[in-house]
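Visitor: Going letter by letter, the sequence shown gives residues 83 to 426 in this note's numbering. Where is the CB? At the ideal position from N, CA and C, for every residue including glycine. Since we're looking at a predicted model, the values are computed, not measured.
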Amino acid sequence: MSDVTTATDARSESVEFVRRLPKAELHLHIEGTLEPEMLFRFAARNGVETRFTSVDELRAAYEFDDLQSFLDIYYQGAAVLRTEEDFHDLTWAYLERAAADGVRRAEIFFDPQTHTDRGISMETVILGISSAIERGSELGVSTGLILCFLRHLSGEDALHTLEAALPHRSKLLGVGLDSSEVGHPATKFVAAYDLARSEGLHLVAHAGEEGPPEYVWQALDVLGVERVDHGVRAMEDAALVARLVAERTPLTVCPLSNLRLRVVDDMAEHPLPRMLEAGLVVTVNSDDPAYFGGYIGANFGAMIESCELSRDELVTLARNSIEAAFITGDDPLFSDFDAAVEAL
Ligand code: ADE
Ligand code: ZN
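1) Short of 8 Å in beta carbon distance, which residues of its chain neighbour Gly196, apart from the five on each side in sequence? Order them along the chain.
2) Between Asp311 and chain B, is any beta-carbon pair separated by less than 8 Å?
3) Determine the closest residue to Leu338 out of Met357, Pro414, Leu358, Gly376, with distance taken between C-alpha atoms.
4) At a cut-off of 7 Å, would you count His111 as near the ligand ADE, judging by its Cβ distance to the nearest heavy atom?
5) For the region 218 to 245, list the beta strand (DSSP E) runs that are entirely contained and at least 3 residues long, ordered along the chain.
6) Measure the alpha-carbon distance for Thr173 versus Gly226 and round it to whole angstroms.
7) Is the separation between the beta-carbon of Met349 and that of Leu341 shorter than 8 Å?
8) In chain order, what are the residue ranges of uninterrupted alpha helix (DSSP H) at least 4 long that sit wholly in the region 283 to 354?
9) Let me check you understand the geometry: is the CB of His288 closer than 7 Å to at least one non-hydrogen atom of the ligand ZN?
10) Among Pro118, Val137, Asp154, Ser203, whose alpha-carbon lies nearest the alpha-carbon of Ala175?
11) Looking only at its chain, what residues have a beta carbon closer than 6 Å to the beta carbon of Asp171, apart from the 5 residues adjacent to it on each side?
12) Relative to the C-alpha of Asp199, which residue among Asp239, Glu166, Glu167 is closest?
13) Please find out if some non-hydrogen atom of the ligand ZN comes closer than 7 Å to the beta-carbon of Asp311.
14) Can you name the start and end residues of the alpha helix (DSSP H) that Ile202 belongs to?
15) Can you list, in chain order, the residues of its chain with a C-beta nearer than 8 Å to that of Asp148? Leave out the 5 residues immediately preceding and following it.
16) Can you look up Val100 in the DSSP assignment and give me helix, strand or coil?
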């Protein structure tokens, strides 16, 4: 057998190894799971026009220079989502894919302002997504829903959005912050986060994706987040890394997203192995899989291919995801994980 075949076999064995490890996905935008085929299906059933004429043409448009060039297309795509059924079908399709990759816990982001700003009610969005996630147990996936504020909009908008969602408080696990990072400081969102905290919601935020380490400090100190989404640029600040390690603050890293949005030039240079080595509680996630070339399994696959992660590192990444999930210490996922590792 040639060396190339042996290396390829070893990689596919590692991918299968990861698939069998119970995992949590903690950084997944439901709007980012809108596959082109689904986009056309929803557009047709809702009578919404798109400027693309075929799936191939749409996929070809998924070439991004940076975060903003992606967000421009992503918000346009979301315009086909109009009914509870659309949100249900989108979410169920994601859960099926996640379950097939060995995801046993999914904490799902949604962006209500993307929908309410074009006249879709908060109720349609939350009830549509919830009707799917409440059936996650049929696939062996426990779920939670995290409402994200769009950081390019105002702090007041964020506060009103949370107030409008509170009649559905029981369906929410937490709040987050996403969209354009640079130029939109966390300080705008203190009131919205204070309200979320007083409601007992968990707190996360995107930070250190395109923005410098200062954005991560602000997420921690100004918003009081429990997890940082992305956080790859934290590696530029040794004092910040030391703090994240000491406090075991998880970072939800998204390798394919970082490549496609040019946060890294080459997957072989992705900081994830160095983050693990530094003792950070890093996890692997898919962010917007329909736009970035794959779900959580593909993200692990890309890291295995380019960074040659060892089995121990893969186990650590999966264990980190369960430790970082907003579940209680007696959740069966912990013992299931130990049993799965034992059986490997
Ligand atoms: N919304 C969806 N994906 C995002 C990302 N990677 N960064 C910021 N906002 C987002
Ligand atoms: Zn994200």
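Guide: Once the coordinates are examined:
1) According to the sequence shown, residue 196 is Thr rather than Gly. Taken in chain order, the residues that qualify are Glu113, Tyr157, Ala160, Leu232.
2) This model lacks chain B altogether; it includes just one protein chain.
3) Nearest option by C-alpha distance: Gly376.
4) True, at least one ligand heavy atom lies under 7 Å from that Cβ.
5) DSSP assignment within the region 218 to 245 yields the following whole beta strand (DSSP E) runs of 3 residues or more, N-terminal first: 224 to 232.
6) So the alpha carbons of these two residues sit roughly 12 Å apart.
7) For Met349 and Leu341, yes; Cβs fall inside 8 Å.
8) The qualifying runs are 295 to 300, 320 to 328, 337 to 342.
9) At a threshold of 7 Å, His288 counts as near the ligand ZN, since its beta carbon sits closer than that to one of the ligand's heavy atoms.
10) Looking at the Cα atoms, Pro118 is the closest of the given residues.
11) Apart from sequence neighbours up to five positions away, no residue of its chain approaches Asp171 with a beta-carbon distance below 6 Å.
12) Ranking the options by Cα distance to Asp199, first place goes to Asp239.
13) Checking the Cβ of Asp311 against the ligand ZN gives yes.
14) Premise fails: Ile202 is in no alpha helix (DSSP H) and is neither H nor E.
15) The beta carbon of Asp148 sits closer than 8 Å to those of Glu292, Leu343, Arg344, all from its chain and outside the five residues before and after it, given in chain order.
16) Helix at Val100.
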